[in-house]
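To start, the structure under review is shown below, and the notes come after it.
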Amino acid sequence: GAVVSQHPSWVICKSGTSVKIECRSLDFQATTMFWYRQFPKQSLMLMATSNEGSKATYEQGVEKDKFLINHASLTLSTLTVTSAHPEDSSFYICSAREGEASYEQYFGPGTRLTVT
Amino acid sequence: AQKITQTQPGMFVQEKEAVTLDCTYDTSDPSYGLFWYKQPSSGEMIFLIYQGSYDQQNATEGRYSLNFQKARKSANLVISASQLGDSAMYFCAMRVRQTGANNLFFGTGTRLTVIP
């Protein structure tokens, strides 16, 4: 089956530093990848959609300069949280879709970010 | 605008019994897809079942079935013969074609607890 990995699975960083989270599709080529954020006991909120080789499309209210997304290849997308603050602490989940015709998104295991 | 509503924050079910998790949706797009995901405490999103808006029959996947009532705009998940491992958060989600990127809109989730 289609597998999506995320690295790291959890990270603790200090305020003001930047953190990079990787999302990889292991056995398929992902034309589109999505980044979600989930606060404790809440639902997933879409942050941005990235297509390989083009700029990410951010949802309203998501700062593109703070959450940098790069979809450099068909198997890798990265989310960089720049100048992290404690309020950025959250569970970040990526998902990937193989093609436009595919209805299913395959989710990564998530990355828990704690900013101290 | 798209909206997914899950009105049950928490549900309890006796082991081996069946349980129904409610989901209603709203969209003006005639073409859409409905999904159910399971999120255990570890955080990963596990795809359970999919129903397309034009599908004539209710989707089934093993112990999971989707009670799709198009006129009522409901897509309830039925889990038969509940197992202890079914205890988790369950999210209903919708994808509509008109959004372009075809991202998923998630409900607020229902926490299911299976009682031995």
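In order, the protein sequence lines correspond to chains Z and Y.
Residue numbering for the first sequence follows my numbering, beginning at 1102 and increasing consecutively.
Residue numbering for the second sequence follows my numbering, beginning at 9 and increasing consecutively.
Here a beta-carbon is modelled for each residue, glycine too, at the ideal position from N, C-alpha and C.
Predicted, not measured: the structure shown is a model, and the values here were computed from it.
Extent of the continuous beta strand (DSSP E) run through residue i
{"i": "Y/Ser-82", "result": "82 to 87"}
{"i": "Z/Gly-1211", "result": "Per DSSP, Z/Gly-1211 belongs to no beta strand (DSSP E) and is neither H nor E."}
{"i": "Y/Asn-111", "result": "Where Y/Asn-111 is concerned, there is no enclosing beta strand (DSSP E), given that its DSSP letter is neither H nor E."}
{"i": "Y/Gln-47", "result": "40 to 47"}
{"i": "Y/Gln-22", "result": "18 to 22"}
{"i": "Z/Asn-1152", "result": "1145 to 1152"}
{"i": "Y/Arg-103", "result": "96 to 104"}
Same chain only: Cβ atoms within 8 Å of residue i, ignoring 5 sequence neighbours per side
{"i": "Z/Val-1104", "result": "Ser-1126, Leu-1127, Asp-1128 and Tyr-1207"}
{"i": "Z/Arg-1198", "result": "Ala-1131, Thr-1132, Thr-1133, Met-1134, Phe-1135, Glu-1205, Gln-1206 and Tyr-1207"}
Cβ neighbours of residue i in the same chain (closer than 6 Å, five flanking residues each side left out)
{"i": "Y/Glu-69", "result": "Ile-57"}
{"i": "Y/Val-21", "result": "Val-27, Ser-90 and Val-122"}
Option nearest residue i by Cα separation, candidates the options
{"i": "Y/Gln-64", "options": "Y/Phe-55, Y/Glu-23 and Y/Asn-75", "result": "Y/Asn-75"}
{"i": "Y/Ile-184", "options": "Y/Lys-81, Y/Tyr-98 and Y/Gly-117", "result": "There is simply no residue 184 of chain Y to check, as chain Y begins at 9 and stops at 124 in what is shown."}
{"i": "Y/Leu-42", "options": "Z/Glu-1205, Z/Gly-1209, Z/Leu-1214 and Z/Thr-1215", "result": "Z/Glu-1205"}
{"i": "Y/Trp-44", "options": "Y/Tyr-33, Y/Ser-50, Y/Pro-38 and Y/Asp-37", "result": "Y/Tyr-33"}
{"i": "Z/Asp-1189", "options": "Z/Gly-1154, Z/Arg-1138, Z/Gln-1107 and Z/Asn-1171", "result": "Z/Arg-1138"}
{"i": "Z/Gln-1143", "options": "Y/Val-104, Y/Cys-100, Y/Thr-121 and Y/Ile-123", "result": "Y/Cys-100"}
{"i": "Z/Leu-1145", "options": "Z/Gln-1107, Z/Lys-1165 and Z/Gly-1211", "result": "Z/Gly-1211"}
{"i": "Z/Val-1112", "options": "Z/Glu-1199, Z/Arg-1198, Z/Glu-1153 and Z/Phe-1192", "result": "Z/Phe-1192"}
{"i": "Z/Ala-1173", "options": "Z/Gly-1154, Z/Gln-1107 and Z/Val-1163", "result": "Z/Gly-1154"}
Residues bridged to residue i (per DSSP)
{"i": "Z/Ser-1196", "result": "Z/Phe-1135 and Z/Phe-1208"}
{"i": "Z/Arg-1125", "result": "Z/Ser-1106 and Z/Leu-1177"}
{"i": "Y/Gln-77", "result": "Y/Ser-82"}
{"i": "Y/Asp-34", "result": "Y/Lys-11"}
{"i": "Z/Thr-1118", "result": "According to DSSP, which records beta bridges pairwise, Z/Thr-1118 is partnered with nothing at all."}
Contact belief for residue i with residue j at Cβ below 8 Å, rounded distance in angstroms
{"i": "Z/Ser-1151", "j": "Z/Ser-1178", "result": "5 Å"}
{"i": "Y/Ala-48", "j": "Y/Ala-96", "result": "For the sequence presented, residue 48 of chain Y should be read as Pro rather than Ala. Confirmed, about 4 Å."}
{"i": "Y/Leu-120", "j": "Y/Val-27", "result": "7 Å"}
{"i": "Y/Lys-31", "j": "Y/Ile-54", "result": "For the sequence presented, residue 31 of chain Y should be read as Cys rather than Lys. Wrong, their Cβ atoms sit about 16 Å apart, outside the cutoff."}
{"i": "Y/Gln-14", "j": "Y/Gly-115", "result": "4 Å"}
{"i": "Z/Lys-1115", "j": "Z/Thr-1217", "result": "6 Å"}
Residues of its chain near residue i, where Cβ-Cβ distance is below 7 Å and the 5 sequence neighbours each way are ignored
{"i": "Z/Glu-1160", "result": "Leu-1147, Met-1148 and Ala-1149"}
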